[in-house]
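According to our numbering, the sequence shown is numbered sequentially starting from 79. Shown next, in structure tokens, is the structure this report addresses.
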Amino acid sequence: MGDVAVGARSGHDGEEHRGRPAESAVPAADSAVTSGSDSGAAEDDGVTGEHTTAEDQGPGGTARTPKKPRSFWKELPILIGIALVLALLIKTFLVQAFSIPSDSMQNTLQVGDRVLVDKLTPWFGSEPERGEVVVFHDPGNWLRGEPTPDPNALQTFLSWIGLMPSVEEKDLIKRVIGVGGDTVECNGTGPLKVNGKALNEPYVFPGNTPCSNDDQGGQFKVKVPQGYIWVMGDHRQNSRDSRYNQGEKYHGMVPVKEVVGRAIVKAWPIDRWGTLPVPDTFDQSGLNP
């Protein structure tokens, strides 16, 4: 149609308009589409399919040079930094790995097992419950005489950010037997009783008795104060737990505030992967005082 319009224009009209700019034949709305180009340029762009938008132009209508992608090696330190920050946050507020250093929780846990400890729920007021396996800070000289780990600098750093199990030498792991208000007692070789209810304990190490027949703490009857827990190892005859620390600061009790969190998963080695649920014996009726 453009050719028809030109052919219909008379020579007289050409002389009449000579000397002043010709009006554009393109509607005003099209000028925005062409980003300020004249009508001829707009027709050329429409033919070649090479429209230039305002976003692709620099000052004065010149084409803007595309930004060069950032080098991978320049981005790598940033990515590593973000990963370290996330790992530290996860370790601090969500979950942390711990390594099992002794036989006191056999056969539930073996030496060298790695467990993941839930640190999130205590932030919302959750407290330890009977039957849970928990990690807690040494409440006072429980670990005296134990060898002190000597990690190298790399192990210490990776442990600090949570990428390796904790090498903190002042943490212990035991099973919660009694909570605030409970009466826990052991006579002879057992069974262990909580509030007068005998516990069936299939998790106790094979060949061990639920109670230890000795005068060092294996025979006891205690009332757990509010805000404390009473803990025992599953390897009853090889665990220095609440029973054998009754002469210490808290009389064998562990303050709830010293509990790091509940061990929820055996994460390593792979062939020992599994959860750490609360045994059914702690769900029996009448157990609450």
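Glycine included, every Cβ here is placed at the ideal spot set by N, Cα and C. In this text, all values refer to a predicted model and were calculated from it rather than measured experimentally.
Which residues DSSP lists as bridging residue i, in chain order
{"i": "residue 192", "result": "177, 346"}
{"i": "residue 352", "result": "344"}
{"i": "residue 308", "result": "256"}
{"i": "residue 339", "result": "213"}
{"i": "residue 271", "result": "263, 276"}
{"i": "residue 332", "result": "307"}
Nearest neighbour of residue i, chosen from the options [CA to CA]
{"i": "residue 301", "options": "274, 218, 349", "result": "274"}
{"i": "residue 357", "options": "349, 323, 350, 280", "result": "280"}
{"i": "residue 222", "options": "260, 250, 256, 158", "result": "250"}
{"i": "residue 271", "options": "230, 198, 310", "result": "310"}
{"i": "residue 331", "options": "313, 304, 346", "result": "304"}
{"i": "residue 265", "options": "296, 235, 361, 282", "result": "296"}
{"i": "residue 185", "options": "318, 155, 284", "result": "284"}
{"i": "residue 183", "options": "203, 173, 213", "result": "213"}
{"i": "residue 253", "options": "203, 197, 173, 339", "result": "339"}
{"i": "residue 259", "options": "306, 201, 269", "result": "306"}
{"i": "residue 342", "options": "197, 152, 155, 202", "result": "197"}
{"i": "residue 268", "options": "262, 367, 287", "result": "287"}
{"i": "residue 321", "options": "262, 209, 257", "result": "262"}
{"i": "residue 345", "options": "177, 156, 159, 157", "result": "177"}
N-terminal and C-terminal residue of the beta strand (DSSP E) that residue i is part of
{"i": "residue 221", "result": "It is not in any beta strand (DSSP E) - residue 221 carries neither H nor E in the DSSP assignment."}
{"i": "residue 289", "result": "Where residue 289 is concerned, there is no enclosing beta strand (DSSP E), given that its DSSP letter is neither H nor E."}
{"i": "residue 261", "result": "261-264"}
{"i": "residue 256", "result": "249-257"}
{"i": "residue 298", "result": "298-301"}
Counted within 10 angstroms of its Cβ, other Cβ atoms place residue i as buried (16 or more) or exposed
{"i": "residue 51", "result": "Nothing about residue 51 can be read from this structure; the chain reaches only from 79 to 367."}
{"i": "residue 327", "result": "exposed"}
{"i": "residue 291", "result": "exposed"}
{"i": "residue 353", "result": "exposed"}
{"i": "residue 355", "result": "exposed"}
{"i": "residue 335", "result": "exposed"}
{"i": "residue 363", "result": "exposed"}
{"i": "residue 116", "result": "Residue confidence is low: residue 116 scores 41 on pLDDT, short of 50, so the model does not pin down where it sits. Its coordinate-derived value is still stated next. By the neighbour-count rule (16 or more Cβ atoms within 10 Å), residue 116 is not buried but exposed."}
{"i": "residue 161", "result": "exposed"}
{"i": "residue 98", "result": "Any reading at residue 98 is ruled out, since the residue's pLDDT is 44, under 50, leaving its predicted position unreliable."}
{"i": "residue 348", "result": "exposed"}
{"i": "residue 329", "result": "exposed"}
{"i": "residue 188", "result": "exposed"}
{"i": "residue 359", "result": "buried"}
{"i": "residue 351", "result": "exposed"}
{"i": "residue 220", "result": "buried"}
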